[in-house]
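Structure record follows, encoded as structure tokens.
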Amino acid sequence: MNKPLRRIAVFCGLLILSLLLRDNWLQYVKADTLRTDPKNRRVTIARYSTPRGDIIVDGSPITGSTASGSSGLNDLKYKRTYKNGPMWAPVTGYASQAFGANQLESLEDGILTGNDDRLFFRNTLDMVTGKQKQGGNVVTTLNAAAQKAAYNGLKSQGGKGAVVALEPSTGKILALASYPSYDPSVFAGNSNNDAAAWKKLQKKYDPNDPMLNRALRETYPPGSTFKVVTAAAALQNGLYTSADQATNSPLPYVMPGTTTELKNEGNIPCKNATMRVALRYSCNTVFGKIGADLGNDKMLAEAKKFGFDQEQFTPVRSSASVFSDKMNQSQTALSSIGQFNTAATPLQMAMVASAVANDGKLMKPYMIDKLQSSGVDTISQTDPKELSQPLSSANAQILQSMMETVVKEGTGTNAQINGVTVGGKTGTAQHGVENSENPYAWFISYAKLPDGSKPVAVAVVIEDDQANRDDISGGGLAAPIAKNVMEAVINSKK
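Quick note, the sequence shown lines up with residues 56 to 549 if you use my numbering.
This is the structure we're talking about:
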């Protein structure tokens, strides 16, 4: 072979080698990435080629699948349906042929479509028997009665808000409601009508932002509900050792380093008040001074034990609540009464109430009880997990007695339930430039049954831009909703 031909042969050999290397790279190294790439049309076709598995509440599906029909593209055979879609949207999220999926529909897509590797045996068995491939189920911890009470309560207010209910002993999420909400069914397909429905729900077209999950993704100034955290910090750091010990709380109280008085709401008995009295009347001066006396470091450490400054995964991600570092004493005083730049999700404040109710132990919140195959075999089960211990058992019981006084004879009487001991704390959080906006109404609580068990802790926040400022209060707007949610949980266990 002459020299030119030899060069051409070597060059062609290198081309073939490069082709083989590229082919193996695509088939073995990049195969999974390409297979799951959202831009790969086959991914969408596979996702909607068979009915999706269901999301289950109290043993019944709150989702379904139906034939796509003549609308949309012919290669997408099934689309998602939802029962009481607006009520459950903060739990399920959406699965849309045109717009993808989020929340549980996205996080557990492999189970719901049947493509998860853990379903290999079931899929193989179905293949042998000739049965159509089916997705598995996501069994939630939600309580249908509690969710209904939460959603209807928010809806009756006509404004915006959220409710979270937890089981203190396990961290199970029993209710997760947000209002206003949306129906995921209206854009589950890929027709022009679905596109129009999606567009209408976007924030730039609807300023109420119905697709925002306010229970997990919105942070609010927690107002006086944060005083529960401040009281916990006082007890844990030995600043005060009982609920009925007089505090060192002058009136008026001028915040350190300033000439500004920290005001109370109305003429209430806050001078040197005990923590029990201060929580009952919601004394800003008492808890502001506690925060300033403890200092930023100790307040921040206690807030972090309750879950502040970290995202929570339920498994749906919740925004991190905020208690700042490097604040001076006056800023710490304001933050310790839930103002300045302190901010919390409704989930976070439900965690605060839950930890107090559970004798100081905070359990990790979760909403998936188990995953099932289409044959309802359990693939995985969630075990309760302790997240932290914000209070000792003894101090938690002191704080329980204080919160129970709030409901028995303080600002939270609207949450009273016959035959049940309820502990709670109201909050009216100021916001806006110079507090010019209508405040947020908060209420956090727990219920204790005669046998000593505490089946539920709740957080409620209400935004109501149309209400008269003087009418907005945690006790007036939020406490009745919390009461109905707690009653729903208690009655469901009878």
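Built from N, CA and C at the ideal position, the CB exists for glycine as well.
Same chain, Cβ closer than 8 Å to residue i, neighbours up to 5 away in sequence not counted
| i | result |
| --- | --- |
| G343 | Y308, M310, L317, A388, L389, S391 and I392 |
| K509 | P223, S224, A412, N413, Y501, A502 and K503 |
| N546 | A200 |
| E464 | R335 |
| D380 | N351 and L355 |
| F361 | V284, A287, Q403, M406, V407, A410, L417, S443 and P445 |
Residue interval of the beta strand (DSSP E) (run including residue i)
| i | result |
| --- | --- |
| A408 | Looking at the DSSP string, A408 is not in any beta strand (DSSP E); the run it does join, the alpha helix (DSSP H), is P401 to A412. |
| D424 | I423 to Q427 |
| R135 | Y133 to Y137 |
| G213 | Segment: none, G213 is in no beta strand (DSSP E) and carries neither H nor E. |
| L229 | I228 to Y234 |
| A512 | V511 to E518 |
| E441 | E441 to S443 |
| S547 | Segment A534 to S547 is the alpha helix (DSSP H) holding S547; no beta strand (DSSP E) there. |
| V194 | N192 to T195 |
| G119 | T118 to A122 |
| I110 | I110 to V112 |
Residue span of the alpha helix (DSSP H) that contains residue i, given as start and end
| i | result |
| --- | --- |
| Q291 | K282 to Q291 |
| S448 | S448 to E464 |
| T168 | D164 to T168 |
| T340 | N339 to L349 |
| D438 | From DSSP, D438 is part of no alpha helix (DSSP H); its letter is neither H nor E. |
| N263 | Per DSSP, N263 belongs to no alpha helix (DSSP H) and is neither H nor E. |
| D249 | N247 to L256 |
Burial state of residue i (16 or more Cβ within 10 Å)
| i | result |
| --- | --- |
| R260 | Going by the sequence as given, residue 260 is Tyr instead of Arg. So Y260 counts as exposed. |
| P370 | exposed |
| D109 | buried |
| A328 | buried |
| T314 | exposed |
| C67 | exposed |
| Q521 | The predicted position of Q521 is uncertain, since its pLDDT is 48 and thus under 50; no value can be drawn from it. |
| K254 | exposed |
| F368 | exposed |
| R173 | exposed |
| G321 | exposed |
| G127 | Here G127 scores only 47 on pLDDT, less than 50, and its place in the model should not be relied on; the value that follows carries that caveat. Looking at its Cβ environment, which holds 16 or more other Cβ atoms inside 10 Å, G127 is buried. |
| E459 | buried |
| Q394 | buried |
| S279 | buried |
| D249 | buried |
| N450 | buried |
| D525 | The predicted model places D525 with a pLDDT of 44, which falls under 50 and marks its position as unreliable; any figure quoted below should be read in that light. Per the 10 Å Cβ criterion, exposed. |
| S448 | exposed |
| I423 | buried |
| N303 | exposed |
| N473 | exposed |
Beta bridge counterpart(s) of residue i as assigned by DSSP
| i | result |
| --- | --- |
| G479 | S500 |
| S73 | DSSP, once it has assigned bridges, lists no residue as partnering S73. |
| A301 | T329 |
| I392 | Answer is none; I392 lacks a bridge partner. |
| G155 | S151 |
| R372 | F368 |
| Q471 | Paired residues: none, contrary to the question. |
| T433 | Q427 |
| L334 | Answer is none; L334 lacks a bridge partner. |
| S115 | V112 |
| Y495 | A484 |
| A398 | V377 |
Sequence-distant residues of the same chain with beta carbon closer than 6 Å to residue i, five excluded per side
| i | result |
| --- | --- |
| L167 | R107, G108 and G190 |
| L131 | Y103, S123 and Q152 |
| A543 | A200, A201 and A204 |
| A64 | none |
| A150 | R135, A156 and E160 |
| W554 | The structure shown does not extend to residue 554, since the chain is modelled only from 56 to 549, so the question has no answer here. |
| N351 | M382 and T387 |
| S236 | P141, A144 and P265 |
| A537 | A470, F498, S500, V513 and V515 |
| A534 | G467, N469, A470 and F498 |
| L162 | P370 |
| Q158 | G148 and V371 |
| L532 | A496 and I517 |
| S456 | A298 |
Sequence-distant residues of its chain with Cβ nearer than 7 Å to residue i (five each side left out)
| i | result |
| --- | --- |
| A375 | D364, Q365 and E366 |
| A288 | L349, K353, M354 and E357 |
| E489 | For E489, the pLDDT reaches just 48, beneath the cut-off of 50, and the residue's location in the model is therefore unreliable, although a value from the coordinates is still provided. So the list is empty, once near-sequence residues are dropped. |
| T397 | P276, P277, F281, V377, F378 and S390 |
| I100 | D130 and L131 |
| Q427 | G191, N192, V194, T433 and I434 |
| K210 | Y234 |
| T274 | S374, S376, V377, A398, A399 and T400 |
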